[in-house]
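First to last, the protein sequences are chains B and G.
To convert a position in the first sequence, counted from 1, into our numbering, add 42.
To convert a position in the second sequence, counted from 1, into our numbering, add 723.
Even for Gly, the Cβ is constructed at its ideal location relative to N, Cα and C.
Read the structure below first, then the notes.
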Amino acid sequence: MIDFSINMLPIIAQAETDQFAKILEIINVAKLSQAAFIIFMAWVLNKFLASAFDKFAEGNASLRLLLKKVASFTRLAIFVSAAVLVVQTMFEGQDEALLGIGATLGIGIGFALKDTLSSLMSGVLILIDQPFQVGDRVQFGDTYGEVTEIGLRSVRIVTLDDNEVSIPNNKFLTDVVASANSGALNMMVVMKFYISVTEDFELAKRIVYEACITSKYVFLSKPVTMHVRDQVTDVAYATVIICKAYVIDTRYESAFQTDVTERVKRAFRKNNISHPYAREFSVRSSKWDDQSEIIEDPKKEIAE
Amino acid sequence: MKVQDDNSVEKIEQAATEAVQVEQPSEPEPELGAVDLLGNYEASVNELSKRISELKTRRQSLQADQEKRQARLSELERILEAKLPKRVVRVEMKRLVDLKLENAFHQSQLILLKDEFSQLAEENARIQADAARVQNDEKVKIQLEEKTAVEAAQKNLDEAKDAEERAIGQMKQLRAKEREFAERLVELTSTRKKLSRDKITADEKNIEKMSNAEIGFSTKISAYKAGFTSRERMDVVDPVFRDLVDERRRIRLTVDSHKKDFEVRQAEFDVAQAHFITLREDRTQRFSDENKSLSELETQQKKLLDMEIDIADKERELITAEYKSGIEHLSRIEKYRDFLRTEIDKSAPIISGVASSRYLDVTSKDNWIDAFYGVEEGLERVVFRTIGRFVQVDAVWGSFFNLLWWLAKLLGLILLVAVGLRFFMRFVPRITTWITRKLFTQNFFATRPRLAIKLTEVLRVVIRPIVWYTAFFFLFDFVAQTLPEVVILVWVIDAVFLYLILIRIVEVFVYPRWYRKKMGSASVDEEEDNDIADRSADLMGKEINRSKKLVWSAKIVITFWIVAIYVPNFIELVIGFSVISYTAKIIVWSFFLFLFFLVVSRWKNELANIFHDIATEREAAGADFVVENKDKWYGVFVIGLASFYVAFFEIKRWISTYVIETEIFTKVNNFLFRKKIEMQTKAKEAGEEEAREDGEHLPPMFCELFVNEPLDLPSELYVENKERTDAIFKLFSTWTEKKRQGSIAIIGEQGMGKTTLLRRVKLHLLDNDLVIRFETIEEKRRKRGEVLDYIRDLFEIERSRKTQTFDGLVSAVHEQPSRIIILDDCHHFFMRQIGGFDGLELLLNFVNLTDEKHFYILAFNKFTWAYVNRVSPRNHYFGSVVEFPPWSLNELQEIIELRCAETAYLPSFSELILTHEGTDSTDYFVEVVKTSNGYFRYLQEFSGGNLSVAMCYWLRSLHNENNELRVSLFSRPKLWTAMADDNWFVLTAIAQHGTLSATEVSQVANLEVGFCALAINYFVEKQICVFCDEHERAMLTPLFFRQVLKHLDNSNYLYA
């Protein structure tokens, strides 16, 4: 049992003064300035490299994903290096203090930011394990979109609605995540078109196929496949034409679907192929007067 | 009264004393017998003496008291005489009376004592009488015995005298010997010490000398630098090397001298050792019983023997000390010798040729002496190190338990490695499968499956040896921590595993998989394997034989290679750089000739055939000679020479194909060329850029020759590519003869010269009787009806019910006389939209169905053709598809020079020439040629061999200076890439179709017409596009053609 009598007070005061002096020795203006400078330089370097990578990747789609991956690793490397440099600067020649304060901070911050640290480690694991990569189209829970950044704390996904969603990295270690393109620039897009079972499905299939292969977004190095099947929908008994095609760039996924759907619908109307709706309706457009996309049937020619 | 008392006492005392004194001389000697009697007598005498002494004591005390009393009495008497007071007198009187009474008492006591003394005296007398009697009885006996004893003693005395005389003689001798040994020891010690001191001094001097020499050599050698010139080698390295060699020879003599010394010491030590052992044995024999009492002489002899042993031991120790000192010194010399040897080995590679040839001269006796000494030294080192290691091992292991512990650790490690191996080997198939999968996910390997499969097979066959190698290496590393010499074994393991791995790799690349499976080194499905093996055994027999020969050759070469590397290195490591190691190296490499002979003789047929194929054109006679003489006895040498020829051409071809003609090499070359010129002309070109880009100052007639238009043939400006035209003419000839598949598709980028080629073909075919129709498709005809109408017009067929249908039209065309149809810009039959393939499909079907009757030549835009073929292959519709390759450097240069020659202008390349001072006219001309070649190479690379682009940039390179056209580097306008994607889709549509109007672009790209028109106008304004006809169709300009295509290709928008 320590006797904290009045005689001990000067000793305690001295000890506190020493400790305070040590802290002052560690945290002084010069060191703080150096640390701030290092952090600032790391930030500038990160911004510069990110900008350079973005700029370079913009005109080169084939390198875009690779450069984004490199950017992720570079960001991680810059911040880790900066952290190491800051710690070295602050605790230069203070190994004991470094150990002590490091351990204290480690435990303290570890408890306080348990989830954050977990996310940080998960971020490193994601970068190494690569269940998905920057630029991939991923489905995570209800969120579907393009991974724009794999950060130290979270993964940022831009959804098709152009919302940026941040998901903590540690979530990806426990939950299921689906990557549509897994690192490739192109990805498969599945489109379904419903027509009435009484319509000319071959013509419809050809229209859908040609709409796909002539789309400006289609990636033709991989095959375009077509499937036709009859299906009972909520409203009618319909024929479904399924088109599976690859888009040249994941960012055009929605645009690809839109482009194909627009042109298919236009061609369906022009060729009088109706949708499987029980009720008749009529929608007209001035564009439909253009006869350029009307399919001529060779059989009809023979019949004529 | 007093006097009386005193006398009586004295008398008593005197009497007693006399009694005692009288008795004493007559006291019988104990040796003469009557022991008991004498004992009693003595006791009585003692008792009496004791009593007498007591009486004396009492008498003295009594006397003292009496004197005191006497003194008191005298005092009292004086007092009385002085008439003292009565009271005092009374007291004193009383006291006097008391004293008198007391005195009387003492007197009585003295009387009693006197009586007692008398009794004692009587008793004493009685005892003396008894004693005298006893003494008389024994006297005779004693005298007899005494006589006998005296005689015996006399005899012994005589004998002792004799022995003493002898002993004195021997002792004298021993003393002399002892002195001699002492002198010898002194002499030995002083002589040896002096010798040792001299030797140590000499050794110290020698060591100092060696240290100085070592420092000197180290200083000189540290001044060596990389990249000595031959002169510097002679001036700097050679003297040091020579000194090193001389010093080593000197040290060699020193070492020999030391070794002889050691031999002498060894002999001396052997003698000393033998002497020492003899002496010790002698001592052991003579003085084995330590408890036995020794005579003085014997003691002296023993002492002398010990002394002699000490001397022998000392001598032995001195020799050993000298030996040890010598060893230490020799060890230092050997270190110095090792230093010299190391430095000689280090300097040897950089000495001049003269010094090298001198040192390695096989006719020099000194060199051989040095070399053999190196061998001896090496062997000594090996032996010493082995012994040293055993000593070290003993020191490390220390005890049996340590050894056991080490062995246990080794065993544990082996078990660990064995378990690890077993565990890892189970995962080997999974690992290879995983790597294979990973490989195939890479585009590079996915498009090269053969390479990927070979790589995985290589991995599969080498992974196990590599794992084994790692395990062995791990174990030997552990052993080498205790025994570093085990590292030599690692060399052997390295060599063995290297051999195994290389051979396995060769087998993978050379043998078919089923054959390796048969050999047991590949895993193939068994049924498939057997099936393939059965089917291929006969077919592949020759191939297998060839493969076997290849593997055999690889084995020979790898074995030789390993031997040639490891053996000379090992020899040099052991014996150092000398004429022997040099000879060994030469001998090993001499085997190369034998190896060459073996391999060439095995491959002579193949080599002869290859040589025949390669050299027939140039050296027909030589080729025949090789083939004819290959089986002669000297055939191998002929084939050997032919092999060099073959190797030279193969290497040249390989370098040309894979280095010089590669895109990257060209790009790097052009980049360097451009940068050099840019750096030189940067300042000069400031302010002139705009004028040059526009080419406004160029003469119009000059510019007209380089307009992007097809040539009207015949023209002197036309440069023919024989390869292309011959391909067309050849197919035409074939069609003429066989009437089969008379259709050719010519595919090329815009501005490549497709139209000019078609005109050239038409010109050529005019010689035939056939009707030729040359048409350029200017409008989009993508509807079936439009195409049918066009075909009817083409063949001048009337529109009828029959010809309204495709089949009817085909029948009608078949009835037409054969004709040649040349159609330019056939990509206008296609548009990338729904239904956009109909026209093209119909045309291709038509051509395919009628090309037996008619000959078709159709030209397509490269990107259109690439796209429609990617959607569905269409090459098979034609008899031949001629891809329009990029114009080569020479062709481009020729085309431009021809057009320049048409004018009076001869562009000068002087501005591009890198400044060289002091060059004469010949050099200048060479520089001009080199520069112009460099310029055209750069132009060709940038334009991608596209003629219109090349001519556009050629004009941009020129500027008019005083009516003289000067060539400078053309600037490359940069494309502004930060445009909206839709703009790029507009450009994609235009590039893919050649020319498109805004409406057509909107249909193709599914964009608003207004946006497309706006975009096209913007591109026209920026010189990216240009309107090419009255339909306001836009096409890419040559100025931005390459930049646009590059961006579209990078973005995956365009297929090419």
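| Asked | Found |
| --- | --- |
| Short of 7 Å Cβ to Cβ, which residues in the stretch 1722–1744 of chain G face chain B? | Gln-1726, Ala-1728 and Asn-1729 |
| For B:Lys-286, which of helix, strand or coil comes out of DSSP? | strand |
| Determine, using beta carbons only, whether G:Asn-1775 comes closer than 8 Å to chain B. | yes |
| Use the C-beta contact count for G:His-1537: other C-beta atoms within 10 angstroms, 16 or more gives buried, fewer gives exposed. | exposed |
| Quick check on B:Glu-304 - is its C-beta less than 8 Å from some C-beta in chain G? | yes |
| When we look at the beta-carbon of G:Gln-1616 and count the other beta-carbons within 10 Å, is it buried (16 or more) or exposed? | buried |
| Taking all protein chains shown into account, decide if B:Val-266 is buried (16 or more other Cβ within 10 angstroms of its Cβ) or exposed. | buried |
| Work out the CA separation of G:Leu-1136 and G:Leu-1144 for me, nearest whole Å. | 12 Å |
| Contact criterion: CB-CB distance below 8 Å. Does G:Asp-1417 meet it with respect to chain B? | The predicted position of G:Asp-1417 is uncertain, since its pLDDT is 48 and thus under 50; no value can be drawn from it. |
| Quick check: is any heavy atom of the ligand FAD less than 7 Å from the C-beta of G:Gly-1733? | This structure does not include the ligand FAD; it has no bound ligands of any sort. |
| Quick check: the stretch 1462–1479 of chain G against the stretch 1520–1529 of chain G, are at least 3 beta-carbon pairs closer than 8 Å? | no |
| Does G:Val-1594 get closer than 8 Å to chain B when you measure Cβ to Cβ? | yes |
| Ignoring anything shorter than 3 residues or poking outside the stretch 1512–1591 of chain G, list the beta strand (DSSP E) runs there in chain order. | 1542–1547 and 1578–1584 |
| Using the beta-carbon of each residue, which ones in chain B are nearer than 8 Å to G:Arg-1597? | By Cβ distance, chain B contributes nothing, its closest Cβ being about 14 Å from G:Arg-1597, past 8 Å. |
| Leaving aside the five residues before and after G:Arg-1597 along the sequence, list all residues of the same chain whose C-beta is less than 7 Å from its C-beta, in chain order. | Leu-1567 and Val-1591 |
| Quick one: give me the first and last residue of the alpha helix (DSSP H) that G:Asp-1449 is part of. | 1445–1461 |
| Could you work out which residue in G:Leu-796, G:Glu-1664, G:Ile-834 and G:Thr-952 is closest to G:Leu-1395 when comparing CA atoms only? | G:Glu-1664 |
| Run down chain B in chain order and give the residues with a C-beta less than 7 Å from the C-beta of G:Ile-1557. | Ile-249, Glu-252, Ala-253, Thr-256, Arg-305, Ala-309 and Glu-335 |
| Could you tell me how far apart the beta carbons of G:Phe-940 and G:Glu-1066 are, in whole angstroms, since I believe they sit closer than 8 Å? | 6 Å |
| Which residue from B:Arg-308, B:Ser-316 and B:Glu-188 puts its Cα closest to that of G:Gly-1558? | B:Arg-308 |
| For the stretch 199–208 of chain B against the stretch 276–287 of chain B, are there 3 or more C-beta pairs whose distance is under 8 Å? | no |
| What does the alpha-carbon distance come out to for the pair G:Ser-1276 and B:Asp-171? | 45 Å |
| Quick check: the stretch 1599–1616 of chain G against the stretch 1421–1439 of chain G, are there 3 or more CB pairs under 8 Å? | no |
| Measuring alpha carbon to alpha carbon, tell me which of G:Leu-1028, G:Gln-996, G:Pro-1072 and G:His-1052 ends up nearest G:Glu-1040. | G:Gln-996 |
| If you drop the 5 nearest sequence neighbours on each side, which residues of the same chain put their C-beta closer than 6 Å to that of B:Pro-20? | With chain B represented from 43 up to 346, any question about residue 20 of chain B goes unanswered, as that position is not in the structure. |
| Keeping to the same chain, check which residues put their C-beta closer than 7 Å to that of G:Leu-1178; ignore five residues upstream and five downstream. | Leu-1162 |
| Assuming contact is defined by CB atoms lying nearer than 8 Å, are B:Glu-241 and B:Ile-290 in contact in what I supplied? | no |
| Measuring CA to CA, which of G:Glu-1051, G:Pro-1630 and G:Ala-1721 is closest to G:Asn-1685? | G:Pro-1630 |
| Please confirm whether B:Ala-99 has its beta-carbon closer than 8 Å to some beta-carbon of chain G. | no |
| At the 8 Å Cβ level, is B:Asn-314 part of the contact set with chain G, yes or no? | no |
| Would you identify the three-state DSSP class for B:Tyr-251, choosing helix, strand or coil? | helix |
| Would G:Phe-1317 be called buried (16 or more neighbouring beta carbons within 10 Å of its own) or exposed? | exposed |
| Identify whether B:Pro-210 lies in helix, strand or coil by the three-state DSSP scheme. | strand |
| Helix, strand or coil, according to DSSP, for B:His-269 in the structure here? | strand |
| The beta strand (DSSP E) that contains G:Gln-989, what's its start and end? | Taken as a continuous stretch (DSSP letters only), G:Gln-989 belongs to no beta strand (DSSP E), being part of the alpha helix (DSSP H) at 961–1009. |
| From B:Lys-258, B:Phe-133, B:Ala-92 and B:Thr-146, pick the residue whose C-alpha is nearest to that of G:Ile-1730; which is it? | Sequence inspection shows Leu at residue 1730 of chain G; the Ile mentioned does not correspond to that position. Nearest option by C-alpha distance: B:Lys-258. |
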